[in-house]
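Shown next, in structure tokens, is the structure this report addresses.
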Amino acid sequence: MKVIFNWQKKSLVHFSLGLWVGISLLILSLGITLIAILALKPLPPKLPLFYSLPWGEQQLATHQQFLILPAIISILTLLNLLIFWQLHESQYFFKKILLVSSIVVSFILTVTFIKVVLNFI
């Protein structure tokens, strides 16, 4: 009979939480990629994406450049998950920070993508 200690349960819960958050964010990234490939065709050839640059031509991005957003989501999620899984179970606060930061950045980039697309529909 195998005995599961409390710290092992906690470790398993944190691992599965990280896995579910990571999978859901990667699915979100895949969805944005599919929308960028399929739904942007009827829109103008250049759309505003780089709002931190001066107004005009410099802010515009091609449809292929919109793939930067899901790439950032995927890379950040995978990097945070790798760090998450390397941390010790006692560092659950830092693990939560990594997961929450992945969720927040993914949410902000998704809202940015949706707002740009909805401006031209």
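Taking numbering that gives the first Met the number 0, the leading residue of the sequence shown gets 0, the next gets one more, and so forth.
Ideal placement from N, C-alpha and C gives every residue a C-beta, glycine not left out.
Predicted model, so just to flag it, every value in this text is computed and none were measured.
DSSP on residue i, reduced to helix/strand/coil?
i	result
K40	coil
L59	strand
L48	coil
W54	coil
Q7	Residue placement at Q7 is poorly supported in this model, since its pLDDT is 49, which falls under 50; the coordinates still yield a value, given next. Reduced to three states, the DSSP call for Q7 is helix.
L18	helix
With a cut-off of 8 Å on the beta carbons, I'd call residue i and residue j a contact; round off their distance for me.
i	j	result
Q64	L48	6 Å
L86	K94	6 Å
V115	A38	Actually they are not in contact, since the Cβ atoms of V115 and A38 sit about 12 Å apart, beyond 8 Å.
According to the neighbour-count rule (16 or more other Cβ atoms, all chains shown, within 10 Å of its Cβ), is residue i buried or exposed?
i	result
N118	exposed
I96	exposed
I31	buried
F112	buried
L78	exposed
Could you check where the alpha helix (DSSP H) with residue i kicks off and where it finishes?
i	result
P69	67-85
S101	91-118
Thinking just about the alpha-carbon of each residue, which of the options is nearest to the one in residue i?
i	options	result
P69	Q90, V99, L97, V110	V110
V20	L66, V99, V116	V99
F83	L59, A60, S101	S101
F106	L25, L18, S15	L25
A35	L66, A60, G17	L66
I108	E56, S73, P43, L78	For the record, residue 108 in the displayed sequence is Leu; it is not Ile. Here the closest residue by C-alpha is S73.
I60	Y50, P53, K45, W54	A small fix is needed here, since residue 60 is Ala in this sequence, not Ile. When each option's Cα is compared against that of A60, the closest is K45.
I120	P43, G17, I22, S15	P43
V104	L16, S15, S28, S51	S28
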